[in-house]
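Chemist: The structure's right below; bear with me while I get my questions together.
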Amino acid sequence: MIMNDVAESRLLLGRGADSLLDLVGRDPRGPLVVGVSGPGGHGKTALLAQVARTRRQAGFAVRTGAPQPGETVDPDALVLVDDAHLLDDARLGVLLRLVAGRRHRLVVAYRPWPRSAALTDLADVLRRDGQAVLLGPFTRELTAAYLAAVPELGGRSDLADFVHTQTAGVPRDVERMARGLVGADAPAGTPVEAPRSVVLEFGPDLEAQPTAVRRLLLAVAAGVPLPVSMLGALLDKEPEAVDELIAATRAAGLIGADGRLAPIVRRVVTALSPATDRAAVWRRLTELQLARGGAVLPLVRSLRAVGALADCPATTLTAAATEALADEPAFAADLFAAATAAGAPASAKQALATALAGDLDDALRLADRLLATAPPAERAEAAVVAATALAHRGHVGRSVELYRWSGSASSVAFATVGGLAGGDLAAAGEAPAGDPAGEPPTLRASAARLMADGVRESVTGPPTAALSALVQAAALLEPDGRAALLPDSPAALAALTAVHCGELEIAERVLHRALAAGVGGPLMTRRHRLLQAWILMVRGQTAAAADRLAATTADGRPLESRDLLFAAALRMGIARRNSDLGALKGGWEQALEAVVRHPVDLFTLLPLGELAIAGARLGDLARLEPYLREGRNLLNRLGDPPLWSVPLHWSGLHAAILADEPAVADDRVAALLAAAGHSRYAAVVAAAAESWVEVLRGAVDPVRVEAAARGLHDTGLWWDGARLAGQAAIRTADRRAMTTLLECARALQGRPAGVDGGQRPATGEDAAQVADAIAGPTRPGLSDREYEVAELVLAGLTYREIGDRLFISAKTVEHHVARMRSRLNCANRAELLALLRTVVADRASTTAGQPWPRRSTR
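Residue numbers (the working numbering): 1 to 858.
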């Protein structure tokens, strides 16, 4: 039925065919001399059948087939000849004479190849004395119209693009695809591939082709451009013979005018050709391509797809692996391993690919073996791989040793970075000059030098110089950094430096560009994404930070120790900012394990500081103290560089506040004030720290507090800025100041000033009542039992679960919650939860309503 739809639908026959049918329908007895040409499967037979049907319906005779020499032909009959390219010269001569006699009506259809001299003469006469109809593939619109005419497909317009792409519009193949989709009940949504039944329908067409055509189709199915000279060597034919073979295959409708196979035909050729033929053709192609210096990766990919990779020569596998190294390091590692299995020696490139793919275990094993057994040049490259893997795992000393031993200028630069990260100030004096062999100043070598300069400046110079050098290094790697094996990326170091000096917008941009360019391959991708999540967390955008963290770890692969430490600190930091005590408690042991696994270095002070605050919140800071002490010692060895020490002092201040240690907090404030002249960020943080401890002592200067809070917000510490303003609001007895600070806190959280939770305008009296509620025990305060209920409500437990935990009824829990909502003057549950988070956090620090003693004068 589908074939009849094709034959009967004028819409699907094209403009030239429509003209022919209109002519036959208007004047069945008029003169008619037409030549119809087109490749196989393009509708010649269907068109002749429609012409015959139209003429017979008008009551006139039709004769099909070419007459024999000497045979009399009725001049009133319409002569329809299909596949004229298969006729011998004698019968073509008969048709030529019929046309020349101008008494007979003829429609002759033929393929463009083979083209004998007699067929060429006939085609010329048909075109000169009559009309020529050239049949081509369907347009996308014609394909859609065809499918719409198939009742079983129910007018599925969503299939049109899929079918047209799969078939390249060849009418025969569109019809087969439609029939297969009908048989497969055309599942909802765009199919992934054609049904198996469609593939099998091509079997007879493929089997009918000569051996040379089938080999040609296999060669084209490999998916790489093939010059005639290469095809000649493959098929053992002269260029002229190759051209003829291509023309014959195109005339059969198996290859498009652009020399490519439609996806369905490629699948047919790959699936239905004998495996031995397929493997033999593709292996031979790889050898020819390798000999002429062409790309072999597409060919090897095709071999891998059909399971024939094991038979591929080692030299070809190695070449393909090298081609895949930049964009597909994991695939490259597999190909290098296959080459080794085929007899090639293990190489440093194999270790490099394995490391870039993120498999540091195998990379270290390979590199270590090469260090002991490989030639000198390979040993140097293997040392770089081992040094990089060790850097990612926190073994800075051994990493630096290997980098220095390898001897290149890039390695010396990386050794400088590692030495400074480990607290070796002498490394700052190392100049990453060129090596004795004269290493060229490539983009990667220049980026490594700038990395070393940037880290050196971060320790000994101004933050602007450090950030500039690192951002420049990151930019140098963007054009060609996918295959760069890095101990840390310049983008990551630039982002860390930017975060440490309050330039979060710069950090965001440099990370975005590094991810877009794929700098460092998969090995560095997680590092960049974790730092993006960190920036979101610092700003208080905890939901977005949690989503980014979840997406980064969604593949289930184990994190390397450095990334694991950042991920653990992110989870704890997000939980702390959400006042999620359950998540804090649940993640603490894993966070401590992450700290133990990765030795303290300069680039992990940020997560260490965040974990210190979480530890203080949980009352377990003592377990982290040895690592914090090591971090302070590291900074001391480097001369206490402000860029790196200020954020750690800031974290230490908040840990001291939560641990209720006023003297320690004063020490942190003093350290921040001493560094205030280093940068704008240091000055802002120092002013905020001083204001914070004054607030905790009950001395609230609203103007000074608001200035400090807005300063924090301007440097990217949005959550901290809002928190400072909120802390001051609940500790001042001045109602006007309370209102002002509360509005400031809301604004810094991204909530519009003057709107209470987005529900209703906040009058001065309303703001004062909310501030009273936030203040906790002193105005008006919650009972101990209500605090217990509040903590469990915030943890997400149901009333029944809370009752089971506290040995009270669910009804009693509901009563407590209702009383808290009334006492805190909350309009809805969302507002209650927001206020309870603040109340519980204040209660945890044991400072709400209990001012600290005056600052020590010691």
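The beta carbon of each residue, even a glycine, is placed where N, CA and C say it ideally should be.
Keep in mind it's a predicted model, so treat the numbers as computed, not measured.
#1: Would you check if the segment 308-326 and the segment 275-290 touch, i.e. whether three or more CB-CB distances between them fall below 8 Å?
#2: Go ahead and pull the three-state DSSP assignment for V163.
#3: How far does the alpha helix (DSSP H) with T497 in it extend, from its first residue to its last?
#4: For the 8 Å Cβ check, are there 3 or more pairs between the segment 667-681 and the segment 640-649?
#5: In chain order, what residues of the same chain lie with their CB nearer than 7 Å to the CB of L48, ignoring the 5 residues before and after it?
#6: For P299 and L134, I'd like the C-alpha separation in whole angstroms.
#7: Would you mind working out which of W692, A66, E786 sits nearest E814, comparing C-alpha positions?
#8: Cα separation between A233 and E244?
#9: If I measure Cβ to Cβ from V770 and keep anything under 6 Å in the same chain, skipping five residues before and after, which residues do I get?
#10: What are the uninterrupted segments assigned as alpha helix (DSSP H) that are 4 or more residues long and contained completely in the segment 47-127, given in chain order?
#11: What would DSSP say about S651, mapped onto helix, strand or coil?
#12: Excluding five sequence neighbours on each side, which residues of the same chain lie with their C-beta closer than 7 Å to the C-beta of K44?
#13: Do I895 and L288 have their C-beta atoms closer together than 9 Å?
#14: If distances are taken between C-alpha atoms only, which option among R697, L712, G418, H713 comes closest to I730?
#15: Could you please give me the residues that DSSP links to S37 through a beta bridge?
#16: Have a look at E630 and V595 and give me their C-alpha separation to the nearest angstrom.
#17: Report all residues from its chain with a CB closer than 7 Å to the CB of A58; omit the five preceding and five following residues, and keep chain order.
#18: Leaving out the 5 sequence neighbours to the left and right, which residues in its chain are closer than 8 Å to E238 when beta-carbon positions are compared?
#19: By the three-class DSSP mapping on this structure, what secondary structure does W692 have?
#20: Just to confirm before moving on: does the CB-CB distance between A516 and I506 stay below 9 Å?
#21: Using the three-state DSSP reduction, which class does C826 fall into: helix, strand or coil?
#22: Beta carbon of V99, beta carbon of D129: below 9 Å?
#23: With respect to the alpha helix (DSSP H) encompassing H713, which residues constitute its N-terminal and C-terminal limits?
#24: Closest by CA to A655, which one among S822, R369, R26, E625?
#25: For L86, count the other beta carbons within 10 Å of its own beta carbon; 16 or more makes it buried, fewer makes it exposed. Which is it?
#26: By DSSP, does Q541 sit in helix, in strand, or in coil?
#27: To which residues of the same chain is A421 closer than 7 Å at the C-beta, ignoring the five residues directly before and after it?
#28: Taking the alpha carbon of A383 as the reference point, which residue from A319, G343, L485 has its own alpha carbon closest?
#29: Among the candidates F202, V296, A295, whose CA atom is the shortest distance from the CA of P263?
#30: As a quick exercise: from P662, I657, P647, pick the residue whose alpha carbon is nearest that of A683.
#31: Under 7 Å Cβ to Cβ from A465, same chain only, skipping five residues before and after it: list those, please.
#32: Express the C-alpha separation of A830 and A899 in angstroms, rounding to a whole number.
#33: Taking just the CA atoms, how far does P69 sit from V94?
#34: Can you tell me whether DSSP reads D27 as helix, strand or coil?
#35: Just tell me which of L32, A326, L717 has its CA closest to the CA of L859.
Modeler: The relevant details are as follows:
#1: yes
#2: helix
#3: 490-500
#4: yes
#5: L80, D82, V107, A109
#6: The amino acid at residue 299 is misidentified as Pro; the sequence shows Leu. When rounded, the distance between both Cα atoms is 35 Å.
#7: E786
#8: 15 Å
#9: Here the model assigns V770 a pLDDT of 38, short of 50, so the residue's position is not dependable and the matter cannot be decided.
#10: Listed in chain order, the alpha helix (DSSP H) elements of length 4 or more contained wholly in the segment 47-127 are 89-101.
#11: In the structure shown, S651 adopts helical secondary structure according to DSSP, grouped into three states.
#12: V36, G38, D82, A109, L135
#13: The shown model of the chain, from 1 to 858, leaves out residue 895, and the question about it has no answer.
#14: R697
#15: Its beta-bridge partners are Y110, L134.
#16: In a straight line, the C-alpha of E630 is about 12 Å away from that of V595.
#17: Excluding sequence neighbours, A58 sits near P28.
#18: Excluding positions up to five away in sequence, the list reads G232.
#19: helix
#20: no
#21: coil
#22: For the 9 Å CB-CB criterion, V99 and D129 form a contact.
#23: 702-714
#24: Ranked by Cα distance from A655, the first of S822, R369, R26, E625 is E625.
#25: exposed
#26: coil
#27: V396, D601, L602, F603
#28: L485
#29: F202
#30: P647
#31: E457
#32: Given a span of 1 to 858 for the chain in the structure shown, any question on residue 899 remains unanswerable.
#33: 6 Å
#34: coil
#35: The shown model of the chain, from 1 to 858, leaves out residue 859, and the question about it has no answer.
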